[in-house]
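Below is one structure, written out as structure tokens; comments come after it.
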Amino acid sequence: MKKMLIFILIASVSLLMMVEECESIEKEIKPVLRICILDNKDRVTLALKGAYRVYTVTQDKLLTGGYILHTQVNPSDQGIMFGARGLKFTRIRLKVAEGAFIHIDGRAFRGEVDIIRKDNMKIMAINRVTLEEYLYGVLYNEVSHRWPIEAIKAQAIAARTFALYQARQNKLQDYDMTNDIYSQVYSGAASERWSTTRAVKLTASKILTYQGDIFPAYYHATCAGRTEDASNLWAVDLAPLKGVECQFCKESPHYKWTKNIPPAGLEKKLNDSGYKVGKIKSISVLAKNKSGRVDKIEIKDEADISSILTAKDFRQLIGPNDMRSTTFTPSVNNGSLIMDGVGWGHGVGMCQWGAKGMAEHGKKYDEILKYYYPGTEISTIDKKSK
Ligand SMILES: [Zn+2]
């Protein structure tokens, strides 16, 4: 009897330990990200298919629920108008059954969604989604789902690492990331594809670390010869982000570009940003950095008044999708401003078209990542990562 009791005691303790261990592993490998999916809207439309529940965010108190819902959410003085029902809360949380989607303004999202009525009486929505489900909705926007699987796997690990780093940086903010190019482009369930989801699953929980810790694993479309040293752009001075030669992105459709810029539009943008520029006479490159990208330019107007800008600011001013990189040669021809450039993106970290080129040459995802982020290791998510 005594032996039996001891056995039961030992068994229960080990079971408890196992449960605790499982719970902690569960928490570690399934971090939840908070993605701002829309902001400053006057109203949003919701479609919830299947069982749904609406809770308060702060107390997790059930407010309402049901089965199938199509409704509008509007801001109100008291809080939120949920269809015809006034809720005296400025933050609510929508939950649906496992595997179901929450449709907001026609877009489908996995996980939960917080609707927030802001002080300016506008609506913000934050998607709470596991890291892996988030990646399902990111990869298709970042690389082609038709690319070799090793390149997509490399992208999955870079995006996972970048997301975790952002989440750690923004812990105290309302959300970890936006859903646009300023974080990683995320459009929910509509952008999931078989091969990109497969790449996420094949690399589940794998991340990149440098000296045992995650780091901002930046990436970009096409470097056109050499990746950029992050310290030329931001206050990031890290060995894996110092830049490497890249001979693998030559097939990229973004390797070369030309942009014709209307002078009047640029003159207005410059003056709106505090520069004093008349009719532009010339644009010249003042300095380049080690990767061949332009560092500073000088713009002279017809009165010979000179304005000096960093190439980074100049690119932002024109628009990062029109002015695809800072590797360019400017010229003024019969009053037209012409930028002849190469590459697309800031140039830091992994070159996506280069990763594709490497995969086509038989390189595996870990070789691709270690090439573009020298000195890093492939690790698995643990407590340190979040
Ligand atoms: Zn490249």
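Letter 324 of the sequence shown, counting from 1, is numbered 323 in numbering that gives the first Met the number 0, and no numbers are missing.
Built from N, CA and C at the ideal position, the CB exists for glycine as well.
None of the values given here were measured: they were computed from a predicted structure.
Short CB-CB distance (under 8 Å) between Met176 and chain D: In the structure shown, chain D cannot be found, because there is only a single protein chain.
Starting from Ala50, follow its DSSP beta bridges and name the residues at the other end. The residue labelled residue 50 in the question sits at position 51 within the sequence shown. Tyr66, per the DSSP bridge assignment.
List the DSSP bridge partners of Trp233. Numbered from 1 along the sequence shown, position 234 holds the residue referred to as residue 233. BP columns for Trp233 are empty, so no partner.
Which term fits Glu301, buried or exposed, when burial requires 16 or more other beta carbons within 10 angstroms of its beta carbon? Here the question's residue 301 lines up with position 302 in the sequence shown. Flag for Glu301 reads exposed.
Just the Cα atoms here: how many angstroms apart are Asn259 and Trp343? Indexing the sequence shown from 1 puts residue 259 at position 260. Indexing the sequence shown from 1 puts residue 343 at position 344. Across the structure, Asn259 and Trp343 are spaced so that their CA atoms are roughly 16 Å apart.
Between Lys26 and Lys170, what straight-line distance do the alpha-carbon atoms span, to the nearest angstrom? Numbered from its first residue, the sequence shown carries residue 26 at position 27. Numbered from its first residue, the sequence shown carries residue 170 at position 171. Any reading at Lys26 must be qualified, since the residue scores a pLDDT of 40, below 50, and its modelled position is unreliable; the value itself is stated next. Using only the alpha carbons, I get a separation of about 16 Å.
Taking 7 Å as the cut-off, is the C-beta of Trp352 nearer than that to any heavy atom in ligand 1? Translated into the one-based positions of the sequence shown, residue 352 becomes position 353. Yes, Cβ of Trp352 sits closer than 7 Å to a heavy atom of ligand 1.
With 16 other Cβ atoms within 10 Å as the buried cut-off, status of Gln154: Taking the sequence shown and counting its residues from 1, one reaches residue 154 at position 155. Burial of Gln154 is indicated by the presence of at least 16 other C-beta atoms within 10 angstroms of its C-beta.
Three-pair Cβ contact test at 8 Å for the region 266 to 277 versus the region 329 to 339: Note that the region 266 to 277 does not touch the region 329 to 339; fewer than 3 beta-carbon pairs, one per stretch, sit closer than 8 Å.
Mind checking Ser190: buried by the 16 CB within 10 Å criterion, or exposed? The count along the sequence shown starts at 1 and reaches residue 190 at position 191. That one is buried.
Distance, Cα to Cα, Ser378 vs Ala83? Counted from its first residue, the sequence shown places residue 378 at position 379. Counted from its first residue, the sequence shown places residue 83 at position 84. The alpha-carbon atoms of Ser378 and Ala83 are separated by roughly 50 Å.
Under 8 Å between C-beta atoms of Leu130 and Arg159: By 1-based counting over the sequence shown, the position of residue 130 is 131. By 1-based counting over the sequence shown, the position of residue 159 is 160. Yes, the Cβ-Cβ distance between Leu130 and Arg159 is below 8 Å.
To which residues of the same chain is Gly187 closer than 6 Å at the C-beta, ignoring the five residues directly before and after it? Here residue 187 refers to the residue found at position 188 when the sequence shown is read from its first residue. Excluding sequence neighbours, Gly187 sits near Arg106, Ala107, Phe108, Gly136.
Is it the case that the CB of Cys248 approaches a heavy atom of ligand 1 more closely than 7 Å? Translated into positions along the sequence shown, residue 248 becomes position 249. Relative to ligand 1, the nearest heavy atom lies less than 7 Å away from the CB of Cys248.
With H, G and I counted as helix, E and B as strand and the rest as coil, what does DSSP make of Ile151? In the sequence shown, counting from the first residue as 1, residue 151 sits at position 152. In the three-state scheme derived from DSSP, where H, G and I count as helix and E and B as strand, Ile151 is classed as helix.
Which runs of the beta strand (DSSP E) spanning at least 3 residues fall entirely within the region 53 to 109, listed in chain order? List check, beta strand (DSSP E) in window: 61 to 74, 79 to 81, 84 to 86, 90 to 95, 101 to 103, 106 to 108.
Which whole-angstrom value describes the C-beta separation of Ile304 and Gly346, a residue pair presumed to lie in contact below a C-beta threshold of 8 Å? Here residue 304 is taken as the residue at index 305 of the sequence shown, counted from 1. Here residue 346 is taken as the residue at index 347 of the sequence shown, counted from 1. With a contact defined as Cβ atoms closer than 8 Å, Ile304 and Gly346 miss out at about 31 Å.
Is Ala358 near ligand 1, in the sense that its beta carbon is under 7 Å from a heavy atom of that ligand? Locating residue 358 in the sequence shown gives position 359, where the first residue counts as 1. No; taking the cut-off as 7 Å, the Cβ of Ala358 has no heavy atom of ligand 1 nearer than that.
Assuming the contact rule is C-beta atoms closer than 8 Å, Gln168 and Glu141 should be a hit. Round their C-beta distance to whole Å, please. To locate residue 168, count along the sequence shown from 1; it is residue 169. To locate residue 141, count along the sequence shown from 1; it is residue 142. Actually they are not in contact, since the Cβ atoms of Gln168 and Glu141 sit about 20 Å apart, beyond 8 Å.
7 Å CB neighbourhood of Ser23 in its chain, flanking five on each side removed: Position 24 of the sequence shown holds residue 23. Any reading at Ser23 needs caution, since the residue's pLDDT is 40, under 50, leaving its predicted position unreliable; the model's value is listed next. For Ser23, there are no CB contacts under 7 Å within the same chain when 5 residues up- and downstream are skipped.
Just the Cα atoms here: how many angstroms apart are Trp193 and Leu62? As a first step, residue 193 must be located in the sequence shown, where it is residue number 194. As a first step, residue 62 must be located in the sequence shown, where it is residue number 63. Straight-line Cα distance between these residues: approximately 37 Å.
Tell me which residues share the same chain as Glu250 and place their Cβ nearer than 6 Å to its Cβ, disregarding the 5 neighbours each side in the sequence. Reading the sequence shown from its first residue, position 251 is the one you call residue 250. Counting only Cβ-Cβ distances below 6 Å, and skipping sequence neighbours, we find nothing.
Closest to Asn333 by CA distance: which of Pro262, Lys200, Val112, Ile36 is it? Sequence index remark: in the sequence shown, residue 333 carries index 334 (1-based). Out of Pro262, Lys200, Val112, Ile36, Pro262 has the C-alpha closest to the C-alpha of Asn333.
Check whether the region 84 to 98 touches the region 49 to 65, counting contact only when three or more Cβ pairs, one atom from each stretch, lie closer than 8 Å. Counting Cβ pairs under 8 Å, three or more are found: they touch.
State yes or no: is the C-beta of Thr325 nearer than 7 Å to some heavy atom of ligand 1? For the purposes of this step, residue 325 is taken as the residue at position 326 of the sequence shown. Not one heavy atom of ligand 1 is found less than 7 Å from the C-beta of Thr325.
From the DSSP output, read off the bridge partner residues of Ser283. Translated into positions along the sequence shown, residue 283 becomes position 284. Glu297, per the DSSP bridge assignment.
Close Cβ partners of Glu366 (< 8 Å) along its chain, the five nearest in sequence each way excluded: Residue mapping note: residue 366 aligns to position 367 of the sequence shown, counting from 1. The residues are Met357.
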